[in-house]
Every structure is written in structure tokens, then in C-alpha cells.
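Under my numbering, the first residue of the sequence shown is numbered 22, with each subsequent residue one higher. The beta carbon of each residue, even a glycine, is placed where N, CA and C say it ideally should be. Single-structure report; data block below.
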Amino acid sequence: MNWLRLLESLHGHLAILAVLSLLHPAWLLRSGRPLTFGTRAVVLASTGLVVTTFALGSAIYPSYRETLKRPLAYEYPLVANLFETKEHIAFMVTALSVSACICALSAPKKAHLMRKLAAHTYAAAAFACLIAFVLGVVVASFRSF
């Protein structure tokens, strides 16, 4: 198995874990209560997983562009556009999860609404992450390393 195929597979597996991981802080923050040590750890770990997944995807993107993008666009233009859409959604997921993390961790003890906002933001990131994951699976089923 070549390295790019391995990294692509790892990226996909981390993506579905990120979907599930984003639901955890959304659930824990929904009440707006002040953060415990465990909740802080969940917020940081979930956001870290999303950032790591995005960074891995960004690392393999130049090779994708070099070897797969043109043939995919020629044979299956709609699928190539789905991939580009997936990339934009993945960036949105990363931005949402980082902003939710900042919101949750910086909220003063009495700022219940900030933590509830962070919960909703994590839930939106989880939904968007699921869409990006599904689009990635569709694209990978047509062309892969």
C-alpha cells in the first residue's frame, strides 16, 4: 500500500471519529454549567482531533491535485465539484470547532449563554463534518490514490 493511500485512509477514519467527537462537547455544554476539568479535556480533545484531521487532509491535498484532480474532473466533473465542496465544508468545520472551543474555554463562570452557544456551534460543526465525511466517501469511491 502506498503512503498516500494510507494517509487518505487515515484521514477518512479520523473524519468519522471527528463527527462523533464533536457531539460530545455539544452534549456536555448544552446546560451552560461552568466547565469541569473533564469537560475542558473533552473540548480540547475534540477540537484537536478536528484540527488534526483537517491538517492531514491539507497535507495530502497537493498530491491529490497533482495526480487525481484532473482525471476526476475530466471523467466525473460533478464528483470533482463535490470534492471541492467537501474541502470548503471541512474548513468551515475547523473554524466552527475552534471558535466553539475558544467560546467555551473563555466563558466566565456566570456566562451560561456563551457555553450554550458553544454547544450549538459544536452541534453545527458535527452536522457539517458528517456532510464532509459523506462527500469524501463518495469522491473516494470514484477515484483514490
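Could you pull out every residue in the same chain whose Cβ sits closer than 7 Å to the Cβ of LEU151, ignoring the five residues on either side in sequence? Taking the sequence shown and counting its residues from 1, one reaches residue 151 at position 130. Only residues of its own chain outside the window of five on either side were considered, and among them VAL40 have a CB closer than 7 Å to the CB of LEU151, listed in chain order.
Is PRO46 closer than 7 Å to VAL71 when the C-beta atoms are compared? Walking along the sequence shown from the start, residue 71 turns up at place 50. Walking along the sequence shown from the start, residue 46 turns up at place 25. The answer is no: Cβ separation not under 7 Å.
Please tell me whether ALA147 and LEU43 are closer than 7 Å, where the distance is taken between their beta carbons. As a first step, residue 147 is located in the sequence shown; it is residue number 126 there, counting from the start. As a first step, residue 43 is located in the sequence shown; it is residue number 22 there, counting from the start. Yes; because the gap between Cβ atoms is below 7 Å, this pair is in contact.
Taking the Cβ atom as the reference point for each residue, do ILE110 and ALA149 lie within a distance shorter than 7 Å? Translated into the one-based positions of the sequence shown, residue 110 becomes position 89. Translated into the one-based positions of the sequence shown, residue 149 becomes position 128. Yes.
Closer than 7 Å to chain C by CB, SER67: This model lacks chain C altogether; it includes just one protein chain.
My output table needs one value for ASN23: the three-state DSSP class, helix, strand or coil. For this step, residue 23 is matched to residue 2 along the sequence shown. Three-state DSSP puts ASN23 in coil, outside helix and strand.
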